[in-house]
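Following: one structure in structure tokens, then a few remarks.
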Amino acid sequence: MKNIVLFASGGGSNAEQIMSYFSQKNTAKVVLVLTNNANAGVLDKAKAHNVPIFVFTKEELNNGFVLRHLQAFNPHLIVLAGFLLKFPADIIEAYPHSVINIHPALLPKYGGKGMYGLHVHRAVLENKEKESGITIHYVDDNYDEGNIIFQQAVAVEECITPEEVALKVLALEHEHFPAVIEQLILNN
Ligand code: GAR
């Protein structure tokens with residue numbers, strides 16, 4: 069049984085999918101949910117799954133405090149599921165090739181600082197893209213630039229608002245993210 073830890077900053081619908089998926093499996097389990105946002109919806113979702121939670125400040129993320137807390141949970145895979153702060157180098161170095169992120173677009177397009185949530189989907193529509201999608205990738209020192217693990221596209225030609233694109237992309241995330249995580253765990 070491998071240990072997954074989740075970082076999330078908001079509603080946590082992906083975190084919820086991942087916790088539900090692995091609650092039925094004997095390959096891995098979610099052992100900790102971490103957030104920088106004390107009001108994040110993900111906290112109630114973690115409580116509902118009896119998963120321990122850890123709320124931290126940006127300073128604690130960057131001064132080694134979060135890394136020390138993580139170590140007590142022996143994570144095999146660290147999953148960023150809607151985590152909006154830059155991820156610190158000390159955690160990436162402590163867990164090489166073990167930190168992954170989901171991005172709501174087809175990287176390398178629409179990535180980088182400030183590209184999250186509706187900002188991404190608005191840019192996709194402004195550029196009249198026919199498709200968008202999801203990217204699951206390893207996390208390295210730069211935003212959204214680590215090696216790509218999985219991508220899936222979806223047509224957005226008929227979408228008029230960024231919210232419509234968001235719904236289509238989120239559905240893809242929910243469909244694929246838990247299974248991609250499981251494959252990574254089984255292959256390592
Ligand atoms: C997801 O769409 C995820 O791809 C995106 O935030 C959303 C979180 O939704 N992440 C980024 O934009 C990272 N740059 P959720 O809280 O409902 O899982």
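For the sequence shown, our numbering begins at 69 and goes up steadily by one.
Heads up, the beta-carbon is just placed ideally off N, CA and C, and yes, glycines get one too.
All values reported here derive from a predicted model rather than from experimental measurement.
Assigned secondary structure, residue i (DSSP; H/G/I helix, E/B strand, else coil)
| i | result |
| --- | --- |
| residue 126 | helix |
| residue 116 | helix |
| residue 221 | strand |
| residue 228 | coil |
| residue 238 | helix |
Contact belief for residue i with residue j at Cβ below 8 Å, rounded distance in angstroms
| i | j | result |
| --- | --- | --- |
| residue 113 | residue 96 | With a Cβ gap of about 18 Å, residue 113 and residue 96 do not count as contacting. |
| residue 249 | residue 206 | About 13 Å separates the two Cβ atoms, so there is no contact after all. |
| residue 218 | residue 86 | Residue 218 to residue 86, Cβ: 14 Å. No contact. |
| residue 107 | residue 126 | So it is not a contact: roughly 15 Å between Cβ atoms. |
Span of the alpha helix (DSSP H), counted from its first residue to its last, around residue i
| i | result |
| --- | --- |
| residue 97 | Where residue 97 is concerned, there is no enclosing alpha helix (DSSP H), although the beta strand (DSSP E) it sits in stretches over 96-103. |
| residue 93 | First-last for residue 93: undefined, no H or E at that position. |
| residue 134 | 133-139 |
Cβ-heavy atom distance, residue i to ligand 2, below 7 Å
| i | result |
| --- | --- |
| residue 222 | As far as ligands go, the structure on display features ligand 1 and does not contain ligand 2. |
Beta carbon proximity, residue i to chain D, threshold 8 Å
| i | result |
| --- | --- |
| residue 110 | Absence of chain D from the displayed structure is noted, only one protein chain being present. |
Host beta strand (DSSP E) of residue i (start-end)
| i | result |
| --- | --- |
| residue 71 | 70-75 |
| residue 145 | 145-148 |
Quiz item: What runs of the beta strand (DSSP E), each 3 residues or longer, lie entirely inside the stretch 155-214?
Solution: 167-171 and 199-206
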